[in-house]
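Residue numbers (my numbering): 111 to 366. All C-beta atoms, glycine included, are put in the ideal place defined by N, C-alpha and C. Just below is one structure, and these are the notes that go with it.
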């Protein structure tokens with residue numbers, strides 16, 4: 111998971127909400143500018159899933175889904191329509207629900223796995239404070255560590271200590287990040303295998319650099335990987351490239 115910096119609310123959404131203040135999501139999908147809003151969401155995110163960072167290209171819209179971080183069905187406050195709240199929308203993947211080569215539910219992830227936990231009563235539907243919101247986290251430093259042996263993600267305690275102004279239902283910020291990984295199932299076998307592909311690419315580049323005594327390979331790889339916004343499994347790549355990634359991102363005034 112990486113920080114998401116959203117663009118300003120699209121005028122088309124503002125206009126629809128003004129004309130249909132009580133409209134719910136299905137009505138918006140049926141009669142509103144749903145396609146354009148979805149496209150803008152994924153452009154903001156560099157066509158990555160907001161949770162697992164798998165690539166979701168523009169030419170495969172059926173693999174893209176709009177997630178409402180706060181339940182869109184919440185009508186407790188008549189003056190606030192959560193279904194049409196731009197800051198409540200993020201773009202996500204299908205969570206492995208259509209990938210038959212991996213058994214489910216153990217290989218569901220992202221909102222698919224979170225939704226399952228809600229359905230069976232393990233997680234409240236209003237899950238703010240139980241799961242990190244990628245719109246609210248910091249862009250630097252990275253909140254995660256990457257284990258090259260297992261290809262699993264874990265919290266970086268020093269980075270977690272810099273989190274501020276986030277809802278937290280746990281005893282510590284480290285636990286919040288740990289539970290986010292668990293609730294989104296970011297260490298399922300399917301995503302571990304995907305991250306291992308990135309690690310293998312890195313290891314091949316590293317071996318080639320050692321043979322040629324190229325001490326700039328991390329800097330060169332950072333430019334290659336991050337030149338386009340953004341590569342799949344951004345966080346894994348960022349951690350592997352260490353300081354070279356941070357310097358390159360800082361030079362590009364990275365904000366998420």
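Next on the checklist: As a quick exercise: from 303, 332, 302 and 304, pick the residue whose alpha carbon is nearest that of residue 316.
Outcome noted: 332
Checklist entry - Taking only runs of the beta strand (DSSP E) that begin and end inside the segment 116–179, which ones reach a length of at least 3 residues, in chain order? => result DSSP runs (the beta strand (DSSP E)) wholly in the segment 116–179: 175–178.
Checklist entry - What did DSSP end up calling residue 264 once you bin it into helix, strand or coil? => result strand
Checklist entry - Nearest to residue 293 by CA position, among 117, 142, 234 and 241, is which residue? => result Taking each of 117, 142, 234 and 241 in turn and checking the Cα distance to residue 293, the smallest one comes out for 241.
Checklist entry - Which class does residue 201 belong to by DSSP, given the choice of helix, strand or coil? => result strand
Checklist entry - Whose CA, out of 136, 169 and 200, lies closest to the CA of residue 155? => result 200
Item to check | Pairwise C-alpha distance: residue 208 and residue 279 | outcome: 32 Å
Item to check | Contacts around residue 328, its chain only, beta-carbon distance under 6 Å, and the 5 residues preceding and following it disregarded | outcome: 351 and 354
Item to check | Reduced DSSP category for residue 307 - H, G, I as helix; E, B as strand; rest coil | outcome: helix
Item to check | Inter-stretch contact at 8 Å, needing at least 3 Cβ pairs: the segment 127–146 / the segment 263–275 | outcome: no
Next on the checklist: If I follow the unbroken beta strand (DSSP E) through residue 224, where does it start and stop?
Outcome noted: Careful: residue 224 lies outside any beta strand (DSSP E), inside the alpha helix (DSSP H) at 220–229.
Checklist entry - Helix, strand or coil: which one does DSSP assign to residue 255? => result Looking at residue 255 - three-state DSSP - the assignment turns out to be strand.
Item to check | Whole-Å CB distance - residue 113 paired with residue 247, under 8 Å assumed | outcome: 5 Å
Checklist entry - Less than 8 Å separating the beta-carbons of residue 250 and residue 305? => result no
Item to check | DSSP state of residue 357 mapped onto helix, strand, coil | outcome: helix
Next on the checklist: Going by C-alpha to C-alpha distance, which of 258, 322 and 177 sits closest to residue 243?
Outcome noted: Taking only the C-alpha atoms, the option nearest residue 243 is 177.
Next on the checklist: So the candidates are 151, 254 and 184; which of them puts its Cα closest to the Cα of residue 174?
Outcome noted: With distances taken between Cα atoms, residue 174 lies closest to 151.
Item to check | Closest by C-alpha distance to residue 195, when choosing among 131, 160, 360 and 297 | outcome: 131
Next on the checklist: I believe residue 164 touches residue 342 by the beta-carbon criterion, under 8 Å. Please report the beta-carbon distance rounded to the nearest angstrom.
Outcome noted: 6 Å
Next on the checklist: Counting only beta-carbon separations shorter than 8 Å, does residue 248 have a partner in chain B?
Outcome noted: Of the protein chains in the structure, only one exists, and it is not chain B.
Checklist entry - If you count every other CB in all the chains shown that lies within 10 Å of the CB of residue 171, and 16 or more means buried, which is it? => result Taking every protein chain shown into account, the CB of residue 171 has fewer than 16 other CB atoms within 10 angstroms, so this residue is exposed.
Item to check | Closest Cα partner of residue 237 within the set 212, 184, 206 and 267 | outcome: The shortest C-alpha separation from residue 237 is found at 184.
Next on the checklist: Buried or exposed, going by whether 16 or more other CB atoms sit within 10 Å of the CB of residue 308?
Outcome noted: buried
Item to check | Three-state secondary structure (DSSP) of residue 287 | outcome: The answer is helix: DSSP assigns residue 287 an H, G or I state.
Next on the checklist: Less than 8 Å between C-beta atoms, sequence neighbours within five positions excluded: which residues of the same chain meet that for residue 232?
Outcome noted: none
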